[in-house]
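Undergrad:
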Amino acid sequence: MLRFLVSLSVLLSYFRCCFSAASVVTCSGIVPMRYRNDKISIADFGGVGDGMTLNTKAFREAIYRIEHLKRRGGTLLYIPPGVYLTGSFNLTSHMTLYLARGAVIKATQMRRVGRVVDSEPFNCTDTNNWPLIPPLPSYGRGRERPGDRYMSFLHGDGLHDVVITGENGTIDGQGDIWWNMWRQRTLQFTRPNLIEFLNSKNIIISNVIFRNSPFWNIHPVYCSHVVIRYVTILAPADSPNTDGIDPDSSSNVCIEDSYISVGDDLVAVKSGWDEYGIAYGRPSSDITIRRVTGSSPFSGIAVGSETSGGVENILAEHINLFNMGVGIHVKTNIGRGGFIRNITVSDVYMENVRKGIKVAGDVGDHPDDKYNPNALPIMKGLTIKNVWGVKVQQAGSIQGLKNSPFTGICLSDINLHGVTAPLSPPLKCSDVTGTAFKVNPGACSELTSSEHTGSCSDYS
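Numbered by mature numbering (1 follows the signal peptide of the UniProt record, and there is no 0), the letters in the sequence shown go through residues -20 to -1, 1 to 440 in order.
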């Protein structure tokens, strides 16, 4: 039933947003889908899909075989129906991980070794199944804890030509124990992502269900030419930090035709954290997000708050949001530095949302006390248009920084309707400049209004 509802949601999103098949724009062509001449099965390496046998060795041996034989055209690793319990493992270049219908790759849960005393972090020695890796240089430390972090469940570093696909099989992170450690404040290191690619290019992720990530779900960082489409991402609404897809200091990324229901932002574009992101200096750019449907107590389409390397040329369109905290959220902070420019969000439907639009310069924490309070973000060129909302509690706010006002804001054709009253309260603004056309409820005085027909494309 859940799979049916998910499929129905994606289908409804498709028909709501698209007028005809001929008008549909897709990610096709950004990364070519590869045909693999060589095919192997996890069963060839002793993999057992009974949900109890630990298959870490089988997966690592299969990947080793792909990496070292280097068959021309690459190799497809087939996962038959069944539940394959495993620790984290590295992927390799020129491979396709193919999950058959009914196949589940399930993360083994962290073994708690030692005991908690006076709420001190427990001593975990399960580094065979969950190895530790260095922090990202653009973050300077683990996102949650200083020092190292746990390697993602599926991991790739310095790869190219990798495909994760199949017949809507499942990758399950079994995040419960990790979420509980976060709640109990017993984490020693930052939780693992479900999938992370670093320094990689030509990546395709499609036709897979992702469930219960310990932390962020899909995290391409320092990557280029990444396509994520036809995926379903699920986690409980109260699961902490289970972002759906977080492109981070990456370029030429396309996310489309997917359903995401998680405990944090559905899609959040990032580029490094304070002084570490400024020093690393790699922006996120040329990212398209289209035909995404989802729900979350946090944000639907987000930029930030980690934007220290810069974020530019982002397009999000044909988005459907239900039961959200914030529909559209652009967030940064003093000390972030960097820039946010040329961001367009259009054709958005939102329903039962606490706040429709939020743009803020005071959101997010800092890695340490070494950040520069004079490193102010620069935001210029944010367009939000063709938005329709019902049961919206608050229209929202656009609040820049006193010493770094947000400029080039344009709102066009926005209708946000309240829960009980016909209209929710108007937008609140400070330290911003820009314009607004046909915004209902009325836009703030800081954004010049026009009674004449206009659009953001007419404004510069």
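All residues carry an ideal CB built from backbone N, CA and C; glycine is no exception.
1) Going by DSSP, name the residue or residues bridged to D152.
2) Can you tell me whether N332 is helix, strand or coil according to DSSP?
3) Assuming A296 and I269 are in contact, meaning their beta carbons sit under 8 Å apart, how far apart are those beta carbons, in whole angstroms?
4) Cβ of S276 within 8 Å of Cβ of G243?
5) Thinking C-beta only, is K338 closer than 8 Å to G388?
6) Whose C-beta lies closer than 7 Å to the C-beta of F169 among residues of the same chain, with five residues either side of it excluded?
7) Give every residue of the same chain whose Cβ lies closer than 7 Å to the Cβ of V97, excluding the five residues on either side of it in the sequence, and list them in chain order.
8) What's the call for Q164, buried or exposed, on a 16-neighbour Cβ count within 10 Å?
9) For K311, report the span of its beta strand (DSSP E) as first-last.
10) Could you compute how far the alpha carbon of S8 sits from the alpha carbon of Y15?
11) What number of angstroms, rounded off, separates the C-alpha of R334 from the C-alpha of R171?
12) Taking DSSP's pairing of strands, which residues face I43 in a bridge?
13) How should L362 be labelled, buried or exposed, when 16 other C-beta atoms within 10 angstroms of its C-beta is the threshold for buried?
14) I need the boundaries of the alpha helix (DSSP H) containing E124, first residue and last residue.
15) Please list the terminal residues of the continuous alpha helix (DSSP H) segment that includes G361.
16) Return the first residue and the last residue of the alpha helix (DSSP H) that S260 is part of.
17) By DSSP, does P421 sit in helix, in strand, or in coil?
18) Under 6 Å Cβ to Cβ from D393, same chain only, skipping five residues before and after it: list those, please.
19) Alpha carbon to alpha carbon, how far is C424 from G155? Give it in angstroms, no decimals.
20) Rounded to whole angstroms, what's the CA-CA distance from S384 to L246? Just pull it up for me.
21) Using alpha carbons as the reference points, say which of G290, F278 and I189 lies closest to S230.
22) Could you check the C-alpha separation between I10 and T166 for me, to the nearest Å?
23) What residue range is occupied by the uninterrupted beta strand (DSSP E) comprising A23?
24) Which word fits G414, buried or exposed, when buried means at least 16 other C-beta atoms lie within 10 angstroms of its C-beta?
25) What residues in its chain sit with their C-beta under 6 Å from that of A416, if we drop five residues either side in the sequence?
26) Taking only three categories from DSSP, how would you classify L116?
27) Pull up the distance between the alpha-carbon of T88 and that of D254, whole angstroms please.
28) Is C436 helix, strand or coil when you go by DSSP?
29) Taking the Cβ atom as the reference point for each residue, do S186 and S132 lie within a distance shorter than 8 Å?
30) Excluding five sequence neighbours on each side, which residues of the same chain lie with their C-beta closer than 7 Å to the C-beta of M161?
31) For the beta strand (DSSP E) that G31 lies in, which residues bound it at each end?
32) Count the other CB atoms, across all protein chains shown, that sit within 10 Å of the CB of R209; report buried if there are 16 or more and exposed otherwise.
33) Can you list, in chain order, the residues of its chain with a C-beta nearer than 7 Å to that of A42? Leave out the 5 residues immediately preceding and following it.
34) To the nearest angstrom, how far is it from the Cα of L134 to the Cα of R45?
35) Secondary structure at K250, three-state DSSP: helix, strand or coil?
TA: On the basis of the supplied data:
1) K86 and R191
2) strand
3) 4 Å
4) yes
5) no
6) L112, G122, R125, G127, D128, R129 and Y130
7) The predicted model places V97 with a pLDDT of 45, which falls under 50 and marks its position as unreliable, so this point remains unresolved.
8) exposed
9) V291 to K311
10) 15 Å
11) 29 Å
12) Paired residues: none, contrary to the question.
13) buried
14) Looking at the DSSP string, E124 is not in any alpha helix (DSSP H), and its letter there is neither H nor E.
15) Run containing G361: none in the alpha helix (DSSP H); it sits in the beta strand (DSSP E), I358 to Q379.
16) Checking the displayed sequence, the identity of residue 260 turns out to be Tyr instead of Ser. Taken as a continuous stretch (DSSP letters only), the alpha helix (DSSP H) holding Y260 covers D254 to Y260.
17) coil
18) K365, N366 and K418
19) 42 Å
20) 28 Å
21) G290
22) 42 Å
23) Careful: A23 lies outside any beta strand (DSSP E) and carries neither H nor E.
24) buried
25) L391, A423, L427 and S429
26) coil
27) 34 Å
28) helix
29) no
30) L167
31) D30 to L34
32) buried
33) I20, I22, F25 and L57
34) 17 Å
35) strand
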